[in-house]
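A.B. asks:
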Ligand code: NAD
Ligand code: LMR
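Residue numbers (this note's numbering): 1 to 338.
1. To the nearest whole angstrom, what separates the beta carbons of residue 81 and residue 63, a pair I think is in contact under 8 Å?
2. Quick check: what's the CA-CA separation for residue 259 versus residue 68?
3. Name the two residues that bound the continuous alpha helix (DSSP H) containing residue 227.
4. So, for residue 129: in the same chain, excluding its five sequence neighbours on each side, which residues have a beta-carbon less than 7 Å away from its beta-carbon?
5. Out of 99, 151 and 233, state which residue places its alpha-carbon closest to the alpha-carbon of residue 134.
6. Quick check: the segment 44 to 52 against the segment 248 to 262, are at least 3 beta-carbon pairs closer than 8 Å?
7. Is the segment 232 to 250 touching the segment 164 to 180, taking contact as three or more C-beta pairs under 8 Å?
8. Alpha carbon to alpha carbon, how far is residue 281 from residue 12?
9. Per DSSP, which one or two residues make a beta bridge with residue 278?
10. For residue 3, which residues in the same chain have their Cβ closer than 8 Å to its Cβ, ignoring the five residues on either side in sequence?
11. Applying the criterion that 16 or more other CB atoms from any shown protein chain within 10 Å of the CB defines a buried residue, is residue 101 buried or exposed?
12. Run the CB neighbour count on residue 297, radius 10 Å, all protein chains shown included, and call it buried at 16 or more, exposed below.
13. What three-state label does DSSP hand residue 255 in the structure shown?
14. Taking Cβ positions, are residue 170 and residue 146 nearer each other than 9 Å?
15. Taking C-alpha atoms, which residue in 189, 140, 186 and 159 lies nearest to residue 343?
16. Can you tell me whether residue 40 is buried or exposed? The criterion is at least 16 other CB atoms within 10 Å of its CB, across all chains shown.
17. Can you list, in chain order, the residues of its chain with a C-beta nearer than 7 Å to that of residue 322? Leave out the 5 residues immediately preceding and following it.
18. Less than 9 Å between the C-beta atoms of residue 339 and residue 250, yes or no?
19. Just to check, is the beta-carbon of residue 59 closer than 8 Å to a non-hydrogen atom of ligand 1?
20. Can you list, in chain order, the residues of its chain with a C-beta nearer than 7 Å to that of residue 330? Leave out the 5 residues immediately preceding and following it.
21. Looking at the secondary structure, which residues open and close the beta strand (DSSP E) in which residue 44 lies?
22. Judging by CA-CA distance, which residue of 203, 55 and 197 is the nearest neighbour of residue 309?
23. For ligand 1, any of its heavy atoms closer than 8 Å to the Cβ of residue 109?
24. On the premise that residue 53 lies in contact with residue 78, defined as a C-beta separation below 8 Å, what is that separation, rounded to the nearest angstrom?
25. Going by the C-beta, is residue 72 closer than 8 Å to any heavy atom of ligand 2?
26. Evaluate residue 59 with the Cβ neighbour count: other Cβ atoms within 10 Å of its Cβ, from every protein chain shown; 16 or more gives buried, anything less gives exposed.
27. Quick check: the Cα distance between residue 158 and residue 29, rounded to an integer number of angstroms?
28. Hey, is residue 253 close to ligand 2, as in C-beta under 8 Å from one of its heavy atoms?
29. Tell me the rounded alpha-carbon separation between residue 113 and residue 120.
30. Can you name the start and end residues of the beta strand (DSSP E) that residue 159 belongs to?
31. Output the boundary residues of the alpha helix (DSSP H) element that contains residue 185.
32. So residue 312 is in the alpha helix (DSSP H); what residue range does that whole segment cover?
33. Under the three-state reduction of DSSP, which class applies to residue 114: helix, strand or coil?
34. Considering only residues of the same chain and omitting the five flanking positions on each side of residue 314, which have a CB-CB separation below 8 Å?
35. Check this for me: beta carbons of residue 328 and residue 151, under 9 Å apart or not?
36. Any idea if residue 276 is buried or exposed, counting beta-carbon neighbours within 10 angstroms, 16 or more meaning buried?
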């Protein structure tokens, strides 16, 4: 392949001044890790998103094929592929939003923290690229362990002098998607009618569903609370075990990533009242990062909402979550500062 390859812009058969101006108005979005289990369906769904005008697909393998394939879809976004580290800079130049699902997934028996050794370095390199080529882009970080990779990204951006806490968002949307689904099953409702805030972080006990704040208002028995909390906290492991060594959640994750990215783009466009849960730099607790509801606007996470009233069960869960989160955050910070 040539050093960079582009698809979906023009056949080149007619001179540029004779061609109708094609291309939709909208935002420029890059996916880093675009050839992976999450990356491919995420690229598919972003190609359908009417808010996206340009879609850059970057990976260290297989982007020519994925780009050729996706670029044949007759939707507005122009698709360009980028392969390997020497094309990272071009993949990122001018991007409004960068979504990062690059890195290795879990196998049965592993924790998300077991991915740290490989994924920390990948996230560092990619964030160094962002600091250089698109320091003002909104970053949606999916790579695990999110509780550590978000602090890693923050430290990289601080070092580069480009850090804006509002623009760095850890993606915890899959926890909310699962919580909505499982709560709807218990209540016998359509999951689209259910809204469950999930706060804390994205791993085990740090995933804290606030079942006392479910909309529409409802109540649960202690048995239901135990069942739902356990299922939401271990939803990722449920998929890892079902996939039996072939990976972790990819399809529901791509759906959740697009739901979150679309909210970020609507915020960038200036829509009002866009609120989603995300793992961000926060003063909601004494920890430097925490997931809670945030309002997304033209500059990213413009407002971070407090947790609201918690019941005794949730307060106990919060203490457990904070303990594990503190360790994971510190591990990420030390990886860059050491
Ligand atoms: P995968 O192995 O199928 O795909 C990962 C892709 O990343 C591969 O195509 C690989 O080539 C690419 N990659 C590796 N190093 C890279 C680099 N330096 N630059 C660019 N790309 C690189 O894995 P997956 O199932 O897509 O999962 C990806 C990550 O997302 C994992 O860390 C997983 O744990 C995480 N994940 C997070 C959530 C969440 O809720 N935040 C949910 C599911 C999975
Ligand atoms: C998930 O919640 O599905 C992801 O974090 C992947 C995993 O390892 O469980």
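The beta carbon of each residue, even a glycine, is placed where N, CA and C say it ideally should be.
All of these numbers come straight from a predicted model, not from anything done at the bench.
C.D. replies: Quick answer:
1. 4 Å
2. 24 Å
3. 222 to 233
4. 88, 89 and 92
5. 99
6. yes
7. yes
8. 46 Å
9. 292
10. In this prediction, residue 3 has a pLDDT of 49, which is less than 50 and means its spatial position is unreliable; what the coordinates show is noted afterwards. The answer, listed in chain order, is 86 and 87.
11. buried
12. buried
13. helix
14. yes
15. Past the boundaries of the shown model lies residue 343; the chain is included only from 1 to 338, so the question cannot be answered.
16. buried
17. 285 and 287
18. With the chain covering 1 to 338 only, the question about residue 339 has no answer from this structure.
19. yes
20. none
21. No beta strand (DSSP E) holds residue 44; the alpha helix (DSSP H) holding it covers 39 to 48.
22. 197
23. no
24. 7 Å
25. no
26. buried
27. 23 Å
28. yes
29. 10 Å
30. Unbroken run through residue 159 is the alpha helix (DSSP H), 146 to 160; no beta strand (DSSP E).
31. 173 to 187
32. 312 to 337
33. helix
34. 208, 210, 211 and 212
35. yes
36. buried
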